[in-house]
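J.: Residue numbers (my numbering): 1 to 159. Dropping the structure in here first, questions after.
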Amino acid sequence: MQQQIQFTYHLFHNIQDLKESDAFLLKCARDNTHLAYAPYSQFRVSAAALLSNGKIVFGTNQENASYPVSICAERSLLASAAALFPEAHVQTMAITYHAMQHNSNKPISPCGMCRQAIIEHQKRYGQTMRLILSGETGDIYVIDDATALLPLAFTSTKM
Ligand code: THU
1 MQQQIQFTYH LFHNIQDLKE SDAFLLKCAR DNTHLAYAPY SQFRVSAAAL LSNGKIVFGT
61 NQENASYPVS ICAERSLLAS AAALFPEAHV QTMAITYHAM QHNSNKPISP CGMCRQAIIE
121 HQKRYGQTMR LILSGETGDI YVIDDATALL PLAFTSTKM
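Rendered as structure tokens:
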């Protein structure tokens with residue numbers, strides 16, 4: 001029997017069209033791309049998230065001369081959030097980037113490893129996470145449930 005998994009997201013052309021709290025979060029993320037450490041890829045990624053306790057936390061990619069040691073913005077954010085406010089969960093995460101060598105006008109999309117980390121966060125707290133994906137300019141995607149980005153994700157049977 002054939003099965004189908006559908007994926008729905010919201011498309012916006014302007015930051016002004018987002019609801020106020022989403023627009024604020026995305027602006028925070030866009031303002032922070034300079035905090036990334038990306039001397040190898042020249043691709044600065046920045047994430048800002050609203051937690052369930054009302055706090056906002058940030059993450060940027062931090063690279064290493066030994067490339068696999070590098071960490072993405074999304075996972076650096078999730079690690080910060082869990083370290084600082086382990087009782088709170090991420091409600092919404094805005095992700096953006098500044099590419100030093102080309103335009104930054106297409107929405108970014110989290111890598112596979114970050115999708116897996118986001119799924120773990122959702123499982124841990126039993127809550128869905130909203131994502132706002134964008135570049136410095138151009139279209140913005142809003143995804144109501146990040147699980148949609150990793151269909152049939154691996155999860156431990158112990159959870
Ligand atoms: N990167 C992120 O920080 N998040 C993503 O979703 C995709 C990729 C980083 C990893 C590396 O430092 C640089 O972007 C280029 O791949």
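The C-beta atom is built at its ideal place from N, Cα and C for all residues, glycine as well. Since we're looking at a predicted model, the values are computed, not measured.
Is THR147 helix, strand or coil by DSSP?
T.: Secondary structure at THR147: helix, using DSSP grouped into helix, strand and coil.
J.: Apart from the five residues on each side of it in sequence, which residues of its chain come closer than 6 angstroms, Cβ to Cβ, to ALA99?
T.: Residues PHE43 of the same chain have their beta carbon placed closer than 6 angstroms to that of ALA99, with the five preceding and five following residues left out of the count.
J.: Would you list, in sequence order, the uninterrupted alpha helix (DSSP H) runs of no fewer than 4 residues that lie entirely inside the region 39-113?
T.: If we require 4 residues or more, the alpha helix (DSSP H) runs fully inside the region 39-113 come out as 73-84.
J.: Return the bridge partner residues of ARG124 from the DSSP annotation.
T.: Its beta-bridge partners do not exist; DSSP assigns none.
J.: Using three-state DSSP, classify ILE132 as helix, strand or coil.
T.: strand
J.: The beta strand (DSSP E) with LEU26 in it runs from where to where?
T.: It is not in any beta strand (DSSP E) - LEU26 instead sits in the alpha helix (DSSP H) that spans 20-31.
J.: Can the beta-carbon of ALA117 be found less than 8 angstroms from the beta-carbon of ARG75?
T.: Yes, the Cβ-Cβ distance between ALA117 and ARG75 is below 8 angstroms.
J.: Hey, VAL45 and ILE95 are a contact pair by Cβ (cut 8 angstroms); roughly how many whole angstroms apart?
T.: 7 angstroms
J.: Looking at the secondary structure, which residues open and close the beta strand (DSSP E) in which LEU152 lies?
T.: Unbroken run through LEU152: none, as it is neither H nor E.
J.: Between ARG130 and THR92, is the Cβ-Cβ spacing less than 8 angstroms?
T.: yes
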